[in-house]
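Structure first, commentary second.
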Amino acid sequence: MSGGDHFVVQQTQGVPNVSLGGTVVPYKEVTLSAQLPGRVNYLAGIEGDTFKEGDRLVELDDSELMAKREAALAQLANADAQLRNAGVQYSRELWSPKSRSAMGGMGMPNLFDQMFTRPMEDAFGERDQGAERRADIFSSQTNIQQARNTIYRVQAEIRAIDAKLRDAKSLAPFDGVIMKKFVEVGDTVQPGQPLLKYADVEYLQIVVDVPGRLRPGLNEGMMLRAELDVGDRDVPVRVAQIFPMADAQRHTVTIKFDLPQGVSAPGMYAKVLVPDFNAPARSNPVIPNSAIRYNGSLPGVYVVGEDGKPMLRLIRVGEKLPGGEYSTVLSGLQAGERVLRNPPLGISAGWTSSQGQ
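Each residue of the sequence shown is one higher than the one before, counting from 1452 in our numbering.
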């Protein structure tokens, strides 16, 4: 059609929608924090850089932990040597129980002691060689167990050090981008201090606090429309998650809506059109968006009078209809009136007062 074609204002009826503002957020977002004190030695990049799952993002100085690990490995080697020695002593006590107290050499004193002195001590009850042997065996077994316990303790210390070494490195938990850095290389951090914010921006959502009275009209999987602040785009959204509890102070329910891929960016403002089934159905005039002209921030249309002359009239614009080509008018027009569909540039017309509500 040509630029001066007329459009007869139509009337539409339906459930009124409530426009609720929300914020575009990533589908997944985490804040990586320091797990131990230290100095930042490495940062993988800057805001906007992309990484794969498992990539190293931040690393703290681990020289002190490595020194402790080397000391623990030395203790483990000593404990292992003690265990081997205790095993040898136990075997010797089993196979040669008298060797510790026997005198060296093949002299007569040793032979006399073994053949006469010790048997006489046992006979008179002055000495119980069986009890002594059992005590020596028990002592050797105790030494073996103590050496094993030392090994277990040192191994546990090494595992604890290895866990801290892993905590010194922050790895990407999933494919995503760095959203914000809180530290730089050389900064000293403490446990719990945020290092950076990391998010998956391939899939985005709109988070909206919906009044409690509108909650019954929404179900997960339900399709609605949203208006994005970027480019004034009208896109379909799906109800992805409805939080189970309402805010006790504001009496609102947090609801997340899935966005199509590539239509916005995190942090942007968006409006979701939520149906209000509690309100009575209403009818509003409908006009094409191409008919609306703005004088500053005031919307208006050129209404064609009975004499065929266009007159500029202020209106209140409502919501866009599905498809984005038409919008409802809250006041200023009535069904049956004619407006210019595409007012040409340079058109001159006077102002008229609004008609109808």
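For every residue, glycine included, the Cβ atom is placed at its ideal position computed from N, Cα and C.
Since this is a predicted model, take the numbers as computed values, not measurements.
Go to residue i, then tell me how far its alpha helix (DSSP H) extends in each direction, as first and last residue.
i, result
"MET1517", "1514 to 1546"
Could you check where the beta strand (DSSP E) with residue i kicks off and where it finishes?
i, result
"VAL1460", "Looking at the DSSP string, VAL1460 is not in any beta strand (DSSP E), and its letter there is neither H nor E."
"PHE1728", "Here PHE1728 belongs to no beta strand (DSSP E), and DSSP marks it neither H nor E."
"LEU1772", "First-last for LEU1772: undefined, no H or E at that position."
"LEU1796", "Premise fails: LEU1796 is in no beta strand (DSSP E) and is neither H nor E."
"ASN1492", "1489 to 1494"
"PRO1739", "1733 to 1739"
"GLN1692", "1684 to 1697"
"ASN1746", "1744 to 1746"
"ILE1497", "Note, ILE1497: premise wrong, no beta strand (DSSP E); not H, not E."
"PRO1717", "No beta strand (DSSP E) holds PRO1717; DSSP gives it neither H nor E."
"LYS1648", "1645 to 1662"
"GLU1749", "One detail in the question is off: residue 1749 reads as Leu in this sequence, not Glu. Here the beta strand (DSSP E) through LEU1749 covers 1749 to 1755."
Have a look at the options and flag the residue whose alpha-carbon is nearest the alpha-carbon of residue i.
i, options, result
"VAL1690", "HIS1702, PHE1708, ARG1684, LEU1749", "PHE1708"
"VAL1681", "TYR1777, SER1715, PRO1645, TYR1478", "SER1715"
"GLN1606", "LEU1483, ALA1525, VAL1539", "ALA1525"
"GLY1756", "SER1484, LEU1534, GLU1678, GLU1788", "GLU1788"
"GLY1472", "GLY1783, GLN1656, ASN1740, LEU1796", "GLN1656"
"ALA1611", "ALA1699, PRO1662, ARG1520, GLN1596", "ARG1520"
"ASP1531", "TYR1603, GLN1641, ASN1746", "TYR1603"
"ASN1729", "LEU1665, ASP1651, ASP1626, ALA1495", "LEU1665"
"PRO1794", "TYR1654, LYS1722, GLY1751", "GLY1751"
"LEU1647", "GLU1498, PRO1467, PHE1458", "GLU1498"
"ALA1721", "ASN1740, GLU1678, ASP1506, GLN1644", "GLU1678"
"GLN1462", "SER1778, PRO1488, GLY1627", "SER1778"
"PRO1717", "LYS1631, PRO1467, LEU1534, ARG1585", "LYS1631"
"ARG1617", "ASP1513, GLY1713, ASP1727, TYR1654", "ASP1513"
"ASP1626", "ALA1485, ASN1740, TYR1654, ARG1684", "TYR1654"
"THR1639", "VAL1481, VAL1475, GLY1489, ASP1456", "GLY1489"
Would you check if the distance between the CB atom of residue i and the CB atom of residue j is smaller than 8 Å?
i, j, result
"LEU1508", "VAL1491", "no"
"VAL1790", "VAL1460", "yes"
"VAL1658", "THR1601", "no"
"VAL1652", "PRO1477", "yes"
"LEU1724", "GLU1776", "no"
"LYS1479", "ALA1650", "yes"
"ALA1697", "GLY1663", "yes"
"ALA1619", "LEU1516", "yes"
"ASP1456", "ARG1764", "no"
"ALA1537", "ILE1595", "yes"
With DSSP run on the structure shown, which of helix, strand or coil describes residue i?
i, result
"LEU1471", "strand"
"ILE1595", "helix"
"PRO1624", "coil"
"LYS1631", "strand"
"LEU1669", "coil"
"LEU1511", "strand"
"GLY1555", "Note that GLY1555 scores a pLDDT of 46, beneath 50, so its modelled location is shaky; the value from the coordinates is reported in the next line. In the structure shown, GLY1555 sits in coil (DSSP, three-state: anything other than H, G, I, E or B)."
"ALA1619", "coil"
"ALA1786", "coil"
"ALA1419", "Examination of residue 1419 is not possible in this model, given that the chain is present from 1452 through 1808 alone."
"GLN1700", "coil"
"ILE1766", "coil"
"VAL1605", "helix"
"ALA1677", "strand"
"GLN1808", "Low local confidence applies: a pLDDT of 41 at GLN1808 is under 50, so the model's placement there is unreliable, and no value is given."
"ALA1721", "strand"
"LEU1791", "strand"
Between residue i and chain B, is there a C-beta pair that is closer than 8 Å?
i, result
"GLN1597", "In summary, chain B is missing from the structure at hand, where a single protein chain is found."
> Is it true that the region 1668 to 1685 meets the region 1628 to 1635, where meeting means three or more beta-carbon pairs spaced less than 8 Å apart?
Replying inline: In short, these stretches do not touch, since the Cβ pair count stays below three.
>> Does the region 1780 to 1787 come into contact with the region 1736 to 1749, if we say contact requires no fewer than three beta-carbon pairs (one atom in each stretch) closer than 8 Å?
In response: Contact between the region 1780 to 1787 and the region 1736 to 1749 is present, because at least three Cβ pairs lie under 8 Å.
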